[in-house]
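Using the numbering used here, read the sequence shown as starting at 42 and increasing by one per residue.
Don't be surprised by glycine CBs; every beta carbon is placed ideally from N, CA and C.
These numbers were taken from a predicted model, which means no experiment stands behind them.
Input: a single structure, listed below in structure tokens.
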Amino acid sequence: MLTLPIKGLWFHKIKTGTKLEEYREIKPYYTSRFNTVFGDKPDEPKWIRLRQGYSAQSPQMFIKCTLSKGYGKQEW
42 MLTLPIKGLW
52 FHKIKTGTKL
62 EEYREIKPYY
72 TSRFNTVFGD
82 KPDEPKWIRL
92 RQGYSAQSPQ
102 MFIKCTLSKG
112 YGKQEW
């Protein structure tokens, strides 16, 4: 399962439904991980784990999401 660490502010916003998207730079590191999970079906929802920070004891949530390429919101 893909685990994405995120900062506390963004974790809280996603948890409360204020933020409905998470962004990652298009770099080989994330491209390989997203390809492992989504393969050639980025529109097919998959479960991933969002973790507030890097510690195994950090709060986490499981979300079902799709993958798309584009530009993030500048204000975020």
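Identify, in the order they occur along the chain, each residue of the same chain with its Cβ nearer than 8 Å to the Cβ of residue 45, setting aside the five sequence neighbours on each side. Counted from its first residue, the sequence shown places residue 45 at position 4. Excluding residues within five positions, the ones whose Cβ falls inside 8 Å are 63, 65, 89, 90, 91, 92.
Given a cut-off of 8 Å on the beta-carbon distance, is the pair residue 60 and residue 54 in contact? Taking the first residue of the sequence shown as position 1, residue 60 is located at position 19. Taking the first residue of the sequence shown as position 1, residue 54 is located at position 13. The answer is yes: Cβ separation under 8 Å.
Per the DSSP calculation, residue 105 is bridged to which residue(s)? To locate residue 105, count along the sequence shown from 1; it is residue 64. Looking at the DSSP assignment, residue 105 forms a beta bridge with 88.
CB contact flag (residue 83, residue 109, <8 Å): As a first step, residue 83 is located in the sequence shown; it is residue number 42 there, counting from the start. As a first step, residue 109 is located in the sequence shown; it is residue number 68 there, counting from the start. Taking 8 Å as the Cβ cut-off, residue 83 and residue 109 qualify as a contacting pair.
Do you know offhand how far residue 100's Cα is from residue 56's? Position 59 of the sequence shown, counted from the first residue, corresponds to residue 100. Position 15 of the sequence shown, counted from the first residue, corresponds to residue 56. Between the alpha carbons of residue 100 and residue 56 lies a gap of roughly 11 Å.
Can you check whether the CB of residue 43 is closer than 8 Å to the CB of residue 78? Counting from one through the sequence shown, the residue named residue 78 turns up at place 37. Counting from one through the sequence shown, the residue named residue 43 turns up at place 2. For residue 78 and residue 43, yes; Cβs fall inside 8 Å.
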